[in-house]
Structures are given as structure tokens and as C-alpha cells.
Amino acid sequence: MHSFMAGFLFTIFSAIFWGLSSACGQYLLDIKKVSAEWLVVVRLLASGIFLFFLAFKNQKKDIFLIFSDKKDFFILIFYAIFGLFLCQYTYYLSIKLSNAAIATILQYTSPAFIMIYMAVINKKFPTKLEILSLFLVMGGVFILATHLKFDFAIPKEAIVFGLISALCILVYSITPININKKYGILTTLSYGLIIGGILAALINKNWTHHGVKDIDGLFAIFGTVFFGTIISFSFYMKGLSILGPTKTSLLAAIEPVASAFFIYLFLGQRYVFLDYIGFIMILSCTILLARRK
């Protein structure tokens with residue numbers, strides 16, 4: 001029970017810190033007018049470098065052992081490119097082609113993909129509780145994003161990129177499980193973030209984008225990098241190692257609720273009745289999953 005509760009708390013706090021990161025990101029995009037491409041690169045590279053030095057301090061030369069095993073190195077590259085990097089990149093492409101609400105709905109189909117994958121691999125149908133939690137999560141996110149207004153046209157490209165970002169969450173939830181156990185979460189995550197950040201910088205030509213120079217902007221960058229990437233991804237991976245992919249992805253879906261709270265706190269955003277319905281649906285999923293037999 002103690003192990004389950006630890007995994008539960010790690011995952012919940014990872015989602016809360018992702019919510020804080022979303023509020024900081026919105027501040028940087030809307031108020032400071034930085035580009036999404038620049039923000040993705042800074043987020044990945046800065047957090048990856050920080051975690052690398054932290055891992056090196058704990059493991060010394062052992063941090064390089066992953067490069068001596070071709071299979072594990074290939075898994076790391078796959079995890080970095082098709083998990084961490086592509087998830088961020090396609091999510092922002094989906095936002096560009098539609099809007100943040102639609103991109104969020106599409107990305108939060110990820111628990112369904114993870115549930116299907118685990119059912120096939122384990123040859124075991126999802127429990128009624130997991131299926132109910134999935135409907136609560138996806139329904140809650142849909143209500144938050146649309147307010148039940150169906151008069152929007154979604155470009156096909158936006159749908160494709162949004163669903164790819166959801167599949168990438170499956171990739172970074174499943175792929176690193178074994179190498180995390182072998183080399184440590186900090187090591188694999190730091191390499192994954194650095195590789196993803198370098199690739200994003202080359203594709204986006206990050207040196208052509210403007211960043212932030214004032215103290216407010218730097219604090220927001222700190223929130224995005226430290227809380228929204230270093231802490232949140234580390235906690236998510238720790239929760240993943242305890243609870244498994246299905247429960248972890250469902251619990252992490254409280255991120256929109258946490259995001260809404262921080263955006264209200266820092267940016268003064270107000271909400272309507274349907275928003276609270278969405279919040280309750282998502283939080284109900286968390287309460288259900290907490291009631292472990």
C-alpha cells in the first residue's frame with residue numbers, strides 16, 4: 001500500500017507541476033511574446049543539462065555506461081526522438097494549425113492508446129474502473145476545451161499532429177521502463193531531454209528567435225524548466241515505475257485542472273459553470289484510482 005501511495009503522489013505532483021509550467025508558458029507566450037519553438041528548445045536543453053550534472057554527481061563515470069550497449073543506446077535514441085522531442089513538437093504544431101484547446105483534447109487521448117497497448121501486451125482487458133476513469137478524463141478535458149460548442153472546424157493536419165503527440169506520450173511512458181531500471185531515471189531522462197533539445201534547436205533554428213531578458217520572464221522560464229520539466233518528468237517517471245503506464249497516464253490527466261488553477265492565480269483567468277463540471281470529472285478519476293483494492 002505504501003508503494004502504491006508513493007506512486008500515486010509522485011504522479012499527482014508531476015501533473016501539478018506540469019500545470020504550473022503551463023501557466024508560466026502561457027505568460028511567456030502571451031505577455032512576453034516569445035515563440036513556442038524557442039520555449040520548447042530552452043525547456044528541453046536547460047532541464048536536460050541540469051539533470052545530466054545531477055546524475056553525474058551521483059553516478060560519476062557510470063553515467064556513460066548506456067553508450068556501451070548498442071541495444072540500450074538505440075532505445076535511448078528512440079525514446080528521445082519519438083517520445084520527448086516529437087511529443088513537444090507535434091503538440092505545438094497542432095496548436096499552430098488549430099488552437100491550444102483542440103491540441104489539448106487530442107493529446108489527452110493518450111490514456112486510451114496506453115490502455116489499449118497494455119491490454120494487448122498483457123492479454124488482459126482493462127478493468128471497469130480504468131475504463132470509467134478514461135471516460136471521465138477525456139470527457140472532462142473535452143468540456144474544458146470546448147464548453148460543448150461543436151461549431152469548430154479542425155484542419156486534418158491539426159488532428160494528425162495532435163494524435164501523434166498522444167502516441168508520443170505512449171512512447172515515452174513505455175520505452176524507457178527497462179533502461180530506467182538499469183541506468184537510473186535521471187540518466188536516461190537527462191540524455192533524452194538533451195538529445196530532444198538539440199534536435200529541436202536544429203529544426204527550429206533557435207538562434208533566430210528572441211528570448212526573454214527581464215526578471216519576470218526569467219522567473220517564468222525557471223518555472224517552466226525546473227518545475228515543469230525537471231521535477232515533473234522525474235516524478236512522472238518515478239510514478240510510472242511504481243504504478244505502470246495505464247494508471248500513471250490517467251492520474252497525470254489532472255494537469256489541465258492544475259493549469260487552470262495556476263492561470264487563475266497568476267493571470268486572473270475566470271471560469272464558467274461548464275469549466276467546473278470538467279474539473280470535477282477529471283478529479284473524480286483521481287479519487288476513483290486512489291481507491292485501490
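Just so we're aligned, residue 1 is where the sequence shown starts under this note's numbering, counting upward by one.
Where is the CB? At the ideal position from N, CA and C, for every residue including glycine.
Kindly provide the ranges of any alpha helix (DSSP H) runs that are 4 or more residues long and lie completely inside the segment 185-216, ordered along the chain.
Counting only runs of 4 or more, we get 185-204.
Run the CB neighbour count on L202, radius 10 Å, all protein chains shown included, and call it buried at 16 or more, exposed below.
As a working note, residue 202 is residue 202 in the sequence shown. That one is exposed.
Using three-state DSSP, classify M281 as helix, strand or coil.
For this step, residue 281 is matched to residue 281 along the sequence shown. Taken through DSSP and simplified to helix, strand or coil, M281 comes out as helix.
With contact counted as at least three CB pairs below 8 angstroms, one residue from each stretch, are the segment 57-64 and the segment 137-148 in contact?
no
Check whether M5 and G139 have beta carbons under 8 angstroms apart:
Here residue 5 refers to the residue found at position 5 of the sequence shown. Here residue 139 refers to the residue found at position 139 of the sequence shown. Result no, Cβ atoms of M5 and G139 do not sit closer than 8 angstroms.
Between the segment 187-196 and the segment 4-23, are three or more C-beta pairs nearer than 8 angstroms?
no
Apart from the five residues just before and just after T286, which ones in its own chain have a Cβ nearer than 8 angstroms to its Cβ?
Reading the sequence shown from its first residue, position 286 is the one you call residue 286. The answer, listed in chain order, is I12, L251, I254.
Buried or exposed, going by whether 16 or more other CB atoms sit within 10 Å of the CB of G268?
To locate residue 268, count along the sequence shown from 1; it is residue 268. So G268 ends up on the exposed side.
Apart from the five residues on each side of it in sequence, which residues of its chain come closer than 7 angstroms, Cβ to Cβ, to M115?
Position 115 of the sequence shown, counting from 1, holds the residue named residue 115. If we look at M115 and ignore the five residues flanking it on each side, its Cβ neighbours are P126, E130, L134, T246.
Quick check: the segment 42-52 against the segment 216-234, are at least 3 beta-carbon pairs closer than 8 angstroms?
yes
Assign P256 to one of three DSSP states: helix, strand, or coil.
Residue numbering aside, residue 256 sits at position 256 when the sequence shown is read from its first letter. Residue state, collapsed to three classes: helix.
For G83 versus Y183, is the C-beta spacing smaller than 8 angstroms?
Position 83 of the sequence shown holds residue 83. Position 183 of the sequence shown holds residue 183. No, the pair does not count as a contact, with Cβ atoms beyond the cut-off.
Could you tell me whether the segment 209-226 touches the segment 25-36, using the rule of 3 or more Cβ pairs below 8 angstroms?
Counting Cβ pairs under 8 angstroms, three or more are found: they touch.
Alpha carbon of K149 to alpha carbon of H209, nearest angstrom:
Counting from one through the sequence shown, the residue named residue 149 turns up at place 149. Counting from one through the sequence shown, the residue named residue 209 turns up at place 209. If I take the Cα positions, the gap works out to 35 angstroms.
Am I right that A158 and F85 are in contact with their C-beta atoms under 8 angstroms? What's the rounded C-beta distance?
Looking up residue 158 in the sequence shown gives position 158. Looking up residue 85 in the sequence shown gives position 85. Wrong, their Cβ atoms sit about 19 angstroms apart, outside the cutoff.
Residue nearest to R270 in terms of C-alpha spacing, selected from A103, A260, N178
Position 270 of the sequence shown, counted from the first residue, corresponds to residue 270. Ranking the options by Cα distance to R270, first place goes to A260.
Report the residue from I221, S22, T188 whose alpha carbon sits nearest the alpha carbon of F67.
For this step, residue 67 is matched to residue 67 along the sequence shown. Closest option to F67, Cα to Cα, is T188.
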